[in-house]
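Asker: Got a structure here, written out as structure tokens. Questions coming.
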Amino acid sequence: MSNTQHRNTQHRDSKGRPVVAVTGLGIVTSLGQGKDANWEALTAGRSGIHAIDRFPTQGLRTTIGGTVDFLFDRPFCAPELSEKLAMLAAEEAIGQSGLGQPGDFPGELFMAVPPVEMEWPQKQELAASIDGDVDYDGLLREAATLKHKPMHEMFLFGSVADHVADAFGTRGSPISLSTACSSGATAIQMGVEAIRRGDTPAALCIGTDGSIHAEALIRFSLLSALSTQNDPPEAAAKPFSKNRDGFVMGEGAGALVLEDYDHALARGAAILGIVAGCGERGDGFHRTRSSPDGKPAILAMQDALADAGLAPDDVDYINAHGTSTPENDKMEAMSCAVVFGERMARLPMSSNKSMLGHTLTAAGAVEAVISFLTIANGRIPPTINYNTPDPAIALDVVPNVARDATVRTVISNSFGFGGQNTSLVLTAEPART
Amino acid sequence: MQRDVVITGIGLASSLGEGIEAHAAALAGSIVPVVDTASFAPYPVHPLKPLELDRQIPKKSDQRQMEPWQRLGVYAAGLALDGAGIKDDGETKSLLQVIVAAGGGERDHAVDGAILTGLRGVNDPGPFLNERLMGDLRPTLFLAQLSNLLAGNIGIVHGITGASRTFMGEEQAGVDAVRTAHARIASGQAEIMLVGGSYNAERRDMLLLLELGGYLRKGDFAPVFAREDAPGIITGSASAFLVLESAERAAARGALIHARLGRVAAARSKRTPGAVEATLRGLIGSFGPMSPDVIAISAATGAAGVTTEEAAALTSLPQARRIATGDLVGHALEAAFPVSVALAAAALSAGQANEAVVTGAGHWRGEGAAHLFKA
């Protein structure tokens, strides 16, 4: 199809809705800053997981993580790092898209941000001037002096998105959202919905998480959710392996510029791919455990495919949630077997978390960015540390070594605490079909 | 496609009690606010009127796994589902999508205090903190704390298997939750949604966050728009959930319609002097001409500056009867706007007006407005 024809045609998807194109991608993880650094490491099968030195880990069962340690040379807290990660990913994505002008992005902002709260160093700062035993009345009296005013803005839930909105000049009221570990995917889904409604021609969708500190690690540890195989750190995350024993916390951000396909074509933008379908299902089963029958995950994938107007046979690759917890990986494998049937034995499904750890709030966005890189490069990043296959879940996990493959359609899964299940169907640019 | 959106379920719980009638009576001017000036002195709060939790959360095990803000929200969500007549409708609940405006979990104040006291006396604070947190945090605490677990608990307790989303970001989360739910139904992306928020004011950790910025009123109660002596927020424990539905669907099932939700709009002004007033005037103006008997329900916080600007913006509706949500139930942060929309719907449902406008400027960022009509 020529450009002229493109410009004269109003493109609609199989449901008669605007087509949602991706015109910019940005990523920061423990593997580095930017698409190139991450892609090189991911396809080399390199892990970003290491021993934590951000805070003392004496006495902790888990002492490793995929922390991002190259952005600050001073102490910082979770909202600061989360904001920095988001800014860098957004800058890369918007730069690639060429949309708008610096500080003037003609679209809305949808941001997955970690729920943060005041951290120990700040509480200690308040407590320092209290005589005798510390209690919250004492902290309140110290707060009332207004000597610590910046802490208010620092620990508001809305401030990270507000600062990003200021920096890039996004339109309207920025959304800060959480659907636990599927948050990043939900941010993308909300951008898709806004463009389909015609509310906005473009959306900046970001998932960010820089919240590895002692208490966050300890909380997950107390839930027995984390791998305790600390040595060597890079071998701890082993999705789908028989000896998997929990996830490893990671940090990072993924940013996508979504744009009405016709809007992107009209300005001559390079189309990096399409967000073709989204599916989400709740799970009223349990607060941390998924329904053992995998029904919500199955329905989320089926809904996403139906939303995209595609069939399971159209999918070339599954970007797994693949956390490396015993329960998730089993449930996800079983759910995929129901959706994809006998094809699952040869349908590649790999987990980026084997190298990045679980970037939590950011994961859905980080992994969507990697999925589009997978489509663009025709190469599937492996599931590393796959040395002891779990016979109960026979899968092609693209073990240990990246694989060249023609990938046109990816399904990317994100499943979270609180019964949050989100699947995205991500496809190549239509002109390439 | 733009379809009419109606409100078929209202769940309200606050210091005034629960349900549409108790709150409609307060709107009619016959109930005085309930304020506790002693428990959190010098900060007054509107305490939640105790709920019979078993009526909406039958399992004690569910009650135990939630914090007060979550129990309150699950309770109010149940009231909304009951009111809409869909509590036992499994098919509807499998389609029902949920948007919750939520804050975060409550600290264990005693544990925090003890650790902070101990930290001052140790040479090596890192290992001490690790040891105390490993020993003193309840493993399930984290779950009770996660922002999205109010939505998760609503799903578990009320058997909703549709998807949920949780918006964060203080007052504006409540505005955007109602705005997004409305937009999805109006555009045909959803048929029926449960939207709302919940806030527990009776906790010092949240008072601390607000007081760090100097946003709280100290001393006694004064009406939101008459706090010139000591401007500031008086927080209140409150929750509201609304069942929003396409008018076609509501009519087809013969549902009782409390009100029509015409428009919901949001903005983010730069917070320079006068910006909030101009922004709110713009949002109200975008709704078009209003009838003289319109009722204006304001979610104004009471914070210095922005509250005065919100009052000034409301003078663009000179004949409107003006009610501050904060005067009835206190300021409920994420829940403030949903509570205010619920109050407006209750007033319309009770025949107190034919048209309502809701406004709210967040204490730090964000402005919103909604326009409702008698069904």
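Line order of the protein sequences matches chains A and B.
With numbering that gives the first Met the number 0, the residue at position 62 of the first sequence is 61, and numbering never jumps.
With numbering that gives the first Met the number 0, the residue at position 50 of the second sequence is 49, and numbering never jumps.
Cβ coordinates follow ideal geometry from the N, Cα and C atoms, glycine included.
What residues from the stretch 232-252 of chain A come within 7 Å of chain B, judged by C-beta to C-beta, listed N to C?
Answerer: Listed in sequence order: no entries.
Asker: I want to verify the contact list: residues of chain A whose CB lies under 7 Å from the CB of B/F166, in sequence order.
Answerer: In chain order: I174, S175, L176.
Asker: Over what stretch of residues does the alpha helix (DSSP H) that includes A/L70 continue unbroken?
Answerer: Neither: A/L70 is in no alpha helix (DSSP H) and is coded neither H nor E.
Asker: Quick one: measure Cβ to Cβ for A/L346 and A/I374, integer angstroms, because I've assumed they're closer than 8 Å.
Answerer: With 8 Å as the limit, A/L346 and A/I374 do not qualify as a contact, their Cβ atoms being about 15 Å apart.
Asker: For A/P120, which residues of its own chain have a beta-carbon under 8 Å away from its beta-carbon, when the five flanking residues on both sides are left out?
Answerer: Only P74, C76 meet the Cβ criterion.
Asker: Taking DSSP as the reference, what is the three-state secondary structure of A/I93?
Answerer: DSSP places A/I93 in helix when its eight states are reduced to three.
Asker: Excluding five sequence neighbours on each side, which residues of the same chain lie with their C-beta closer than 6 Å to the C-beta of B/N152?
Answerer: Answer for B/N152: M65, Q69, V73, listed in chain order.
Asker: Strictly under 7 Å for the Cβ-Cβ distance: is A/R286 near chain B by that measure?
Answerer: By this cut-off, A/R286 is an interface position.
Asker: Between A/V19 and A/V256, is the Cβ-Cβ spacing less than 7 Å?
Answerer: No, these two residues do not count as a Cβ contact at 7 Å.
Asker: Residues of chain B with a CB under 8 Å from the CB of A/G293: which are they?
Answerer: Ordered by position in chain B, no residue passes the 8 Å Cβ test against A/G293, which lies about 13 Å from the chain.
Asker: Taking CB distances under 7 Å as the criterion, tell me whether A/I490 reaches chain B.
Answerer: Residue numbering for chain A in the displayed model covers 0 to 432; residue 490 of chain A lies beyond these limits and cannot be assessed.
Asker: Run through chain B and tell me which residues come within less than 8 Å of A/F416, C-beta to C-beta.
Answerer: Result: L142, L145, N147, L148, G151.
Asker: Starting from the N-terminal side, write out each stretch of the beta strand (DSSP E) that is 3 residues or longer and does not extend beyond the stretch 207-267 of chain B.
Answerer: Within the stretch 207-267 of chain B, the complete beta strand (DSSP E) runs of at least 3 residues are 237-245, 258-266.
Asker: Answer yes or no: do A/S334 and B/M167 have a C-beta to C-beta separation smaller than 7 Å?
Answerer: Not closer than 7 Å, so no.
Asker: Quick check: the Cα distance between B/A251 and B/A311, rounded to an integer number of angstroms?
Answerer: Roughly 42 Å between the two C-alpha positions.
Asker: Please check the pair B/D204 and B/H330, which I expect to be a contact at CB under 8 Å, by giving their CB distance rounded to whole angstroms.
Answerer: Contact flag wrong, Cβ pair sits at about 16 Å.
Asker: Counting only Cβ pairs nearer than 9 Å, list the residues of chain A close to B/Q188.
Answerer: Going along chain A in sequence order, the residues near B/Q188 (Cβ under 9 Å) are E192, R195, R196.
Asker: Quick check on the DSSP output: the beta strand (DSSP E) that includes A/G183 runs from which residue to which?
Answerer: Careful: A/G183 lies outside any beta strand (DSSP E), inside the alpha helix (DSSP H) at 182-196.
Asker: Residues of chain B with CB closer than 9 Å to the CB of A/A179, please, in chain order.
Answerer: In chain order: L145, S146, N147, L148, G151, T165.
Asker: Report yes if the CB atom of A/P380 is closer than 7 Å to the CB atom of A/T42, and no otherwise.
Answerer: A contact, by the Cβ cut-off of 7 Å.
Asker: Compute the distance between the beta-carbons of B/S236 and A/G281, then report whether it is under 7 Å.
Answerer: Not a contact, by the Cβ cut-off of 7 Å.
Asker: Please tell me whether B/P57 has its Cβ less than 7 Å away from any Cβ of chain A.
Answerer: False, the Cβ-Cβ gap to chain A never drops below 7 Å.
Asker: For B/H330, would you say it is in contact with chain A, using Cβ-to-Cβ distances shorter than 7 Å as the test?
Answerer: Answer no: the Cβ-Cβ gap between B/H330 and chain A never drops below 7 Å.
Asker: Going by beta-carbon coordinates alone, are A/S181 and A/T421 separated by less than 7 Å?
Answerer: Yes, the pair counts as a contact, with Cβ atoms nearer than the cut-off.
Asker: For B/D175, return the contacting residues in chain A, with the cut-off set at a CB-CB distance below 7 Å.
Answerer: S172, I174, listed in chain order.
Asker: Give a yes or no on contact between the stretch 98-115 of chain B and the stretch 14-30 of chain B, applying the rule of three or more CB pairs nearer than 8 Å.
Answerer: At 8 Å Cβ cutoff, the stretches do not touch.
Asker: Taking the straight line between their C-alpha atoms, what separation do you get for A/V159 and B/L327?
Answerer: A/V159 and B/L327: Cα-Cα distance of roughly 32 Å.
Asker: From A/K122 to B/A229, what distance separates their C-alpha atoms?
Answerer: Approximately 27 Å, taken between the alpha carbons.
Asker: Among A/V21, A/A85, A/I63, which has the Cα closest to the Cα of A/Q32?
Answerer: The candidate whose alpha carbon is nearest that of A/Q32 is A/A85.
Asker: Is the Cβ-Cβ distance between A/L108 and A/L24 less than 7 Å?
Answerer: Their beta carbons are not under 7 Å apart, which means A/L108 does not touch A/L24 by this criterion.
Asker: Spatial neighbours of A/E366 within its chain, please: CB distance less than 7 Å, with the 5 preceding and 5 following residues excluded, ordered by chain position.
Answerer: Contacts found: N318, N351, S411.
Asker: Mind checking whether B/I6 and B/L193 have CB atoms under 7 Å apart?
Answerer: Taking 7 Å as the Cβ cut-off, B/I6 and B/L193 do not qualify as a contacting pair.
Asker: Contact between the stretch 239-258 of chain A and the stretch 93-103 of chain A: three or more CB pairs below 8 Å?
Answerer: Output reads yes: the stretch 93-103 of chain A touches the stretch 239-258 of chain A.
Asker: For B/N129, decide whether its Cβ has a neighbour in chain A, counting only Cβ atoms nearer than 7 Å.
Answerer: It does: the Cβ of B/N129 has a partner Cβ on chain A nearer than 7 Å.
Asker: Quick one: what's got a C-beta closer than 6 Å to A/A275's C-beta in the same chain, skipping five residues either side?
Answerer: Contacts found: A307, V424, T426.
Asker: A/L139 versus chain B: which residues are under 8 Å apart at the beta carbon?
Answerer: Those within 8 Å of A/L139 in chain B are Y42, R203, L206, L207, E210.
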